Amino acid sequence: MQSKLSMTRASLTWIFIIAVLTAIGSEIKIMPFANTTFRFGLGTIIFFLCTLLKPTPIILAGIATSIVTTIFRVINSTLHNVPISESLFNHLPAALFYVLFAVCLQILDIQQYREKPLKLGLLVAFSEVISNLAEQIFRFFVQNYTFLFLHDLLILLAVAILRSFFVVGIYSSILIAEQKKRVQEMLNIGSDLYVETLYLKKSMNHIETITASGYELYRQLKVLGYRAESLQALHIAQEIHEVKKDSQRIYAGISKIVGERSFGPFVLSELLHYIEEGNRKYAELLGKDIQFNTCIDFDFQTKEHIALLALLNNLSANAVEAIEEQGIISIAIGRQEDNTVITVCDNGQGISQADISVIFEPGYTTKFNIDGVAATGIGLSHVAELVEKLKGSITVDSDDQYTTFKIIIPTQTIQTGET
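Next up, the structure:
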């Protein structure tokens with residue numbers, strides 16, 4: 377009950393905001409016809425855009441807008457010494473327009489065409505023309521206003537089309553920006569899951585080896601006559617086998633999610649943009665002032681966007697963490713014969729020469745929490761496995777100024793995804 381009341385209150389508040397904004401916007405106007413208060417203003421644009429941006433009871437919003445707009449205009453006219461009765465009489469047709477416009481939008485159910493801009497624009501333009509014609513007919517019969525001629529109708533149609541597609545353009549831009557944000561979030565989730573599937577598969581292989589060893593131990597103990605011990609070994613092997621089957625089910629589920637949510641293929645420049653944007657936000661979260669420089673010499677579509685995003689995000693995040701307060705991270709993608717060369721360079725704390733030979737080993741880390749507990753150290757081993765899966769190689773070079781990771785992968789592998 378409380379939830380429904382809150383929703384109703386929020387909906388009424390939104391309707392009131394639409395009505396006020398539309399009333400104000402309608403005052404920014406052009407009056408194309410003489411001897412009438414008919415106008416082309418921003419009110420229709422604001423009303424239409426607001427109903428697109430958020431689910432709205434359109435007819436209720438239209439009624440509220442017609443009332444608020446009429447009151448707003450009557451008050452404005454009164455301030456210019458126009459009698460209230462005359463002002464109300466002049467502006468009532470505008471109230472009719474917003475009600476009819478809302479009814480048309482409701483009947484045509486424009487919400488179902490939110491992702492079909494051409495049809496949406498045409499339907500709204502049609503609604504506006506119908507509503508404007510109704511307003512003019514009302515003025516003709518009630519206010520003795522001269523009826524519209526052909527060129528007047530053409531003006532109504534042209535303005536309706538321009539205003540409708542102007543709003544559709546703005547809304548489509550907002551929609552595309554939101555879709556890009558969702559795609560980036562899903563790509564990041566997909567890359568994380570992709571890496572975990574590699575480690576899960578590796579663990580499954582280890583489980584298989586342990587199961588075989590357990591069964592072999594059972595056979596040896598049975599031959600030696602240790603019945604109780606052999607049965608215990610067999611039981612352990614069976615339990616480990618059950619763990620493997622559970623792991624297989626998890627692996628199948630995660631692999632399906634990664635495959636379905638890959639949003640591919642992507643071009644390399646798009647991935648580079650996502651990586652830069654994501655790690656810039658990460659740097660801001662850590663309170664660091666980091667400049668990102670990205671460079672791409674040649675661009676193409678890749679079906680290995682999840683793997684590339686995973687390894688580049690890992691290297692970039694490590695670079696962010698390696699920089700203390702201020703620094704520069706450079707990511708470059710270039711070509712070397714039949715290979716794609718990716719470099720990630722930062723001017724943070726370097727890696728000692730003694731550690732370079734072991735940094736890709738599981739367990740290596742230089743990161744410790746405030747209690748002195750070491751991190752898991754699986755990040756760079758993730759990267760090494762991803763590069764190996766892509767049939768590539770990775771090297772690192774570090775000195776007093778810069779640390780540079782260089783990845784070389786066959787271009788054909790990145791393009792086709794055949795690994």
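Using our numbering, the final residue of the sequence shown is 795, and nothing's skipped along the way.
A virtual CB, placed ideally from N, CA and C, is assigned to each residue, including glycine.
All figures in this text were calculated on a predicted structure; none of them were measured in a lab.
Any idea what DSSP makes of residue i, helix, strand or coil?
i	result
SER387	helix
GLY629	helix
ALA675	Going by the sequence as given, residue 675 is Asp instead of Ala. Looking at ASP675 - three-state DSSP - the assignment turns out to be coil, as it is neither helix nor strand.
LYS782	strand
GLN596	helix
SER774	strand
ILE404	coil
LEU530	helix
ALA410	Annotation note: pLDDT 49 at ALA410 (below 50); position unreliable, coordinate value reported separately. DSSP places ALA410 in coil when its eight states are reduced to three.
ILE394	helix
TYR547	helix
What whole-angstrom Cβ distance do residue i and residue j have, given they're in contact under 8 Å?
i	j	result
THR779	ASP714	Not really, about 27 Å apart at Cβ, beyond 8 Å.
ALA440	ALA510	Actually they are not in contact, since the Cβ atoms of ALA440 and ALA510 sit about 19 Å apart, beyond 8 Å.
ASP675	GLN702	Rounded, the Cβ-Cβ distance is 30 Å, inconsistent with contact.
ILE434	ALA470	Incorrect: roughly 18 Å between the Cβ atoms, too far for contact.
HIS617	THR587	5 Å
GLN791	GLN712	With a Cβ gap of about 15 Å, GLN791 and GLN712 do not count as contacting.
PHE541	GLY497	4 Å
GLU652	THR670	5 Å
ALA437	GLY419	About 12 Å separates the two Cβ atoms, so there is no contact after all.
LEU499	LEU484	5 Å
PHE781	LEU691	5 Å
LEU481	SER503	6 Å
LEU644	ILE709	6 Å
LEU687	VAL759	5 Å
ILE718	GLN667	That belief does not hold up - the Cβ atoms of ILE718 and GLN667 are roughly 19 Å apart, past 8 Å.
ILE443	VAL450	Actually they do not touch by this definition, with Cβ atoms about 11 Å apart.
ALA807	ALA536	What is shown of the chain runs 377 to 795, which leaves residue 807 out entirely.
Beta strand (DSSP E) containing residue i: first to last residue?
i	result
SER733	Per DSSP, SER733 belongs to no beta strand (DSSP E) and is neither H nor E.
GLY419	Not the beta strand (DSSP E): GLY419 falls in the alpha helix (DSSP H), residues 419-429.
GLY724	Taken as a continuous stretch (DSSP letters only), GLY724 belongs to no beta strand (DSSP E), as it is neither H nor E.
ILE707	702-712
What is the residue span of the alpha helix (DSSP H) that residue i lies within?
i	result
THR787	787-792
VAL696	681-698
THR445	434-455
SER503	493-518
ILE460	460-484
GLY318	Given that the chain is displayed from residue 377 to residue 795, the structure contains no residue 318 and the question cannot be resolved.
ARG490	Element bounds for ARG490: n/a, residue is neither H nor E.
PHE654	It is Gly, not Phe, that sits at residue 654 in the sequence shown. That run of the alpha helix (DSSP H) goes 644-661.
Is the Cβ of residue i closer than 7 Å to any Cβ of chain D?
i	result
GLN482	Going by chain labels, chain D is absent from the structure shown, which holds only one protein chain.
Notebook entry, point to check: Within the chosen definition, does the region 539-555 reach the region 482-500 through at least 3 CB pairs nearer than 8 Å?
Noted result: yes
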